[in-house]
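The structure appears right after this line, and notes come after that.
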Amino acid sequence: MLFWIKGSVSVDYRFVKVVEQNTVLGLIPAGKHKQNIPLKNISAASIDTSYSVKDFIVGIIVALIGLAMINSSALFGFLAFIIGVGIFLNGIMTKLSIEKAGSAYEISVPFYDKQSLVYIQQAIEEAISTDIDKTDQSLYHHRLAEDDMDDVQ
């Protein structure tokens, strides 16, 4: 939700490389977590949306407190309201789950950044498909047979 907390995911023909920002209290950046997942160990990538009732309730309470404070202190009331709305919206998370060697590695982002995860999922699935096609002998022989048939007069 906060613009200064960034991560990245890159996919190549050997690895899916994930860099996530570690934080203190979810606000202050405190180092990075890097994960290199070999493409051959990945069996699937899926996207799921989750909802946190706790974040919804806390967000509503903070937003209501902010609205109540607006009469006495407009600045603090408005800040509390904005923070409450932010907490509420962070209750809707989109997760990319990468199945690797029997365990799942999850990357969570706010719901409005879902399209980025869709692109990453497509890149992972395309890389897995390409890697499998490289080692599929029946596909190689099928393509070879099609190429031979094109040359027949």
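For what it's worth, our numbering labels the leading residue of the sequence shown as 102, then goes sequentially.
For each residue, glycine too, the CB sits at the ideal point set by N, CA and C.
Predicted model only: the values in this text are computed from it and were never measured.
The DSSP-derived three-state label of Y114 is coil. Using a 10 angstroms sphere on the CB of A131, the tally of other CB atoms stays under 16, which defines it as exposed.
Rounded to whole angstroms, A181 and T195 show a C-alpha spacing of 25 Å.
Out of I166, S147, V163, the CA that lies nearest to the CA of Q222 is found in S147. Relative to the Cα of V120, the nearest Cα in the group I171, I161, N137 belongs to N137. Between D232 and D113, the alpha-carbon positions lie close to 10 Å from each other.
Contiguous alpha helix (DSSP H) elements confined to the stretch 119-174 occur at 154-170, taking only those with 4 or more residues.
Taking all protein chains in view, the Cβ of V110 is crowded by 16 or more other Cβ atoms within 10 Å, so the residue is classified as buried.
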